[in-house]
Amino acid sequence: MIKVNYFARLREVTGKGEETIDRDSMTVAELLNWAEESYPGFGSDNVQVAVNEEYALKDDVIESGDVCAFIPPVSGG
1 MIKVNYFARL
11 REVTGKGEET
21 IDRDSMTVAE
31 LLNWAEESYP
41 GFGSDNVQVA
51 VNEEYALKDD
61 VIESGDVCAF
71 IPPVSGG
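With full-length UniProt numbering, letter number 22 in the sequence shown gets 22, and the count goes up by one each step, no holes.
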């Protein structure tokens, strides 16, 4: 099981703050593809992923028990 947290506009797109995915392992790229397929308009091209509180690369592997966070771009002034 992989826990996923959503922040900012992604919370609005998904309608939830977190969920658990029933997978033993997957890459960050696979996770982003899953999110885009599950939630049209997710905008995975502009989203960063953190795994266990560290930014991850698309080819990094996520294991069961890991906690992931989708972090959308932030703007402000």
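Beta carbons: idealized from backbone N, C-alpha and C, even for Gly.
- Each residue's CA atom was taken as its position, placing Phe42 and Glu53 some 21 Å apart.
- Non-local beta-carbon contacts of Thr27 in its own chain, meaning distances under 8 Å to residues more than five positions away in sequence, involve Lys58, Asp59, Asp60, Val61 and Ile62 in chain order.
- Out of Pro73, Gly65, Ile71 and Pro72, the CA that lies nearest to the CA of Ile21 is found in Gly65.
- According to the DSSP assignment, Val74 belongs to no alpha helix (DSSP H), since it is labelled neither H nor E.
- From the listed residues Glu37, Ser25, Pro40 and Leu31, the smallest Cα separation to Phe70 is found for Leu31.
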